[in-house]
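Same order as they appear, the protein sequences are chains H and D. Position 15 (the first sequence) corresponds to 15 in this note's numbering; numbering is contiguous. Count along the second sequence from 1, then add 1000; that gives the number in this note's numbering. Structure record follows, encoded as structure tokens.
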Amino acid sequence: MGEDAANPTDAQIADAASGTEKADLDWVELPSSDALTEITSQQVLFSAQCSRVLLVGAVGSGKTSILTGIYERLCRGSLEGWTFVGSSTLIGFEKRCWEGRTNSGGNRDQIGRTSLQSDDYLLHLHVANAQARRINLLMADLSGEVFKEIKYHPGAAGALPILQAADHLTIVVDGARLADPRERQVAINDGVAALRACVAFGRLRDGVAIELVIAKWDAAVAAELDMPWANEYVFDALRRVVEGDRPVGAFVTASRPTSGDFELGTGVANLVTAWAELPRPLDSAPVPLPPETRAYLRFGQ
Amino acid sequence: MLGFVGAGKSTYLAAAYHVANCQKVPGALRITATESDLEYIESIHEDWLKCVSLSRTSGHSPTVVTITVTDDTGRTSRLHIPDVSGEALRTSLADRRWDAKFDQAVRDSTGILLFVHPHSLVEPITHAEVQRWGRDLERDSAPPVEAAEARPDWEIDRAATDPLVVDLLQVVLTRNPVRPIPIAIIVSAWDLVGDPDPPPWFRSHFPLLSQFLDNNPDLVASKVFGISAQGGRYPQDEAALRAHPEPADKVRIAGPTRDHRDITEPIQWILRR
């Protein structure tokens, strides 16, 4: 609504009245709200405090569900003290939620991102906590196909600039596979192999925080697995891969629980709290991703 | 005026025009000058007076209504109110572009009337809910349904209303320089809600937008209003609505107010900012 103005809207009125509105409208481009690319994320990276999070896990392990679980909880009005400030990728979140609901998310996970138009994989949330602390989260889930590549060819992790730029490396192990005795050890090994490749070849920054996550924890609990078991056989196996004094946290999530007494988005708030911690000094500029990394996973070609 | 299809923008405009024109509502804005072009506002006003559904606003360019009003203190303001179709706004968010004339109106705006309608909300549906429904269906019924091979593509109509409104506001804020820009949120058809207090209703149905507004006081200043500009449902309430000797008597604004018919209050709130 405009007020008290000798402004261009007067001209609009005149145009409309005289029927001179052009058949071919002039259009103004609007900013995208889909997922970001490395290039389009630069504005977020430099706009304010930003934590860059990379999720790594096998196809269907629950990486995207963790991200949509965070978003869906915010859409429900609560994320255990975290609230929504803004997002550059609301449509990106909505698409992924839709894919999750229609069980078509696996298609996205199976995209190799080496040759398809899938550079738009970064999701953005600006959140605040009860202490009025604000943080931008720029979150990427490495496609399951790329996960396979670095599992079988660990040196390929060196060709992932996103790894070098990450503040948080989050390894996701599929709790539903842990619940299946035939799949259990493979699932654990998947996590170990991915973490080892990232640590050995990923040229991680000093101080990068590592989070170990068992997703779909509700399925694991339904199979009578518990936290002592998870600590002994999953988290400890992964921790042994990490050398030195890198910070390592262990988490369980049930983003979209299908069994047990779990609420939507169980455990995801703890991840947000962990991701909100920046390993670098707060006043330092973030390390930008080099422009040539737009198609950052071309090692497979 | 912002709002998606069926949010009640044009109905509100017609009703507020009537209240300001009839000059019978204490405290309401009063129209104090005649404009040269009243074709659009008078045509929707006529429909409103007849108690028939207003024809849906169409086109990508806004129709701008210009009126000159005076408030209780004697302050006179000339208002330019662009009315753009909800369908055009929806398409704009899908295509990420909008009409240059509408863009100019957005950039010139000193306040926003944001409309939501309680009966046209797309609520967020979670995966867990879908699965629960699926389990209920399996338990309760029925021959197994063939798995659909072709899954439907995502389109903007699939998005929940709440994040879509946030997306729209974020776009508007990239184009408009006023900080904080006043946003009067109008919950239309408030008579259908049956709730005494609009802000709690709004918070529970628009949690993402509520958080966005709470967390960005430097960008936006907002207030929620519950307004019934039509007065009832068409066609079932048409006869009763037409029976009002003074059409302004059929409108209502929720909450404490000098006169419950003063639906110009959201505009006045913006003008006072």
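Idealized CB from N, CA, C, for every residue including glycine.
- DSSP places Gly249(H) inside the beta strand (DSSP E), whose first and last residues are 248 to 252.
- The beta carbon of Ala1100(D) sits closer than 6 Å to none of the beta carbons in its chain outside the five residues before and after it.
- Here Val1019(D) is actually not in contact with Thr1057(D); their C-beta atoms are around 20 Å apart, not less than 8 Å.
- Contact check for Gly191(H) against Val173(H) passes: the beta carbons are separated by less than 7 Å.
- Sequence-distant Cβ neighbours of Tyr1040(D) in its own chain, meaning closer than 7 Å and more than five residues away, are Thr1063, Val1065.
- Rounded to whole angstroms, the gap between the alpha carbons of Val1122(D) and Ala1159(D) is 7 Å.
- Taking one beta carbon from each stretch, the stretch 1215 to 1231 of chain D and the stretch 1025 to 1039 of chain D have fewer than 3 pairs nearer than 8 Å; the two do not touch.
- Counting the other Cβ atoms within 10 Å of the Cβ of Glu232(H) gives fewer than 16, which makes it exposed.
- At a cut-off of 7 Å between beta carbons, Glu29(H) contacts chain D.
- With respect to chain H, the C-beta atom of Arg1158(D) has a partner C-beta closer than 7 Å.
- Counting the other Cβ atoms within 10 Å of the Cβ of Gln1104(D) gives 16 or more, which makes it buried.
- Closer than 7 Å to the CB of Ala1033(D) there is not a single CB belonging to chain H.
- In this chain, the beta strand (DSSP E) harbouring Gly1226(D) covers 1220 to 1228.
- Note that the C-beta distance between Ala1189(D) and His1117(D) is below 7 Å.
- Counting C-beta atoms within 10 angstroms of its own C-beta, Arg256(H) has 16 or more neighbours from the protein chains shown and is therefore classed as buried.
- Scanning chain H for C-beta atoms nearer than 9 Å to the C-beta of Ala1100(D) yields Leu25, Asp26, Trp27, Val28, reported in chain order.
- Non-local beta-carbon contacts of Thr68(H) in its own chain, meaning distances under 6 Å to residues more than five positions away in sequence, involve Arg96, Cys97, Gly100 in chain order.
- The CB of Val1166(D) comes closer than 7 Å to the CB of Leu90 in chain H, given here in chain order.
- DSSP, read as helix, strand or coil, puts Gly57(H) in strand.
- Less than 7 Å separates the beta-carbon of Ala157(H) from that of Cys198(H).
- At a cut-off of 7 Å between beta-carbon atoms, Trp98(H) makes contact with chain D.
- Distances from the CA of Ala1094(D) to each of Leu1164(D), His1119(D), Trp1048(D) were compared; the closest alpha carbon is that of Leu1164(D).
- Residues of the stretch 65 to 85 of chain H with a C-beta atom less than 7 Å from some C-beta of chain D are Glu72, Leu74, Cys75, Arg76, Gly77, Thr83, Phe84, Val85, listed in chain order.
- Legend: CB atoms of the stretch 1170 to 1203 of chain D lying less than 7 Å from CB atoms of chain H belong to residues Gln1170, Val1171, Thr1174.
- At least one beta carbon of chain D lies nearer than 7 Å to the beta carbon of Glu94(H).
- Linking Ala1028(D) to Asp1262(D) through their CA atoms gives a straight-line distance of about 5 Å.
- Within the same chain, Cβ atoms closer than 6 Å to the Cβ of Ala219(H) are found at Gly175, Ala176, Ala179, the five residues on either side in sequence being excluded.
- In summary, Arg1233(D) is exposed, with fewer than 16 beta-carbon neighbours lying within 10 Å of its beta-carbon over all protein chains present.
- Rounded to whole angstroms, Lys1024(D) and Leu1213(D) show a C-alpha spacing of 35 Å.
- Cβ-Cβ distances below 7 Å link Arg1175(D) to Asp1103, Val1106, Arg1107 in the same chain, with the five nearest sequence neighbours on each side left out; the list follows chain order.
- Taking the C-beta atoms as reference points, Thr266(H) is found no nearer than 7 Å to Ile66(H).
- Within the stretch 124 to 149 of chain H, Ala128 place their CB atoms closer than 7 Å to a CB of chain D, listed in sequence order.
- For Arg134(H), the enclosing beta strand (DSSP E) starts and ends at 134 to 141.
- Taking a beta-carbon distance threshold of 7 Å, Asp1103(D) counts as an interface residue toward chain H.
- For Ala209(H) against Phe147(H), the beta-carbon gap comes to about 20 Å, at or over 8 Å, which does not count as contact.
- A distance of 7 Å or more separates the beta carbons of Val1171(D) and Leu1208(D).
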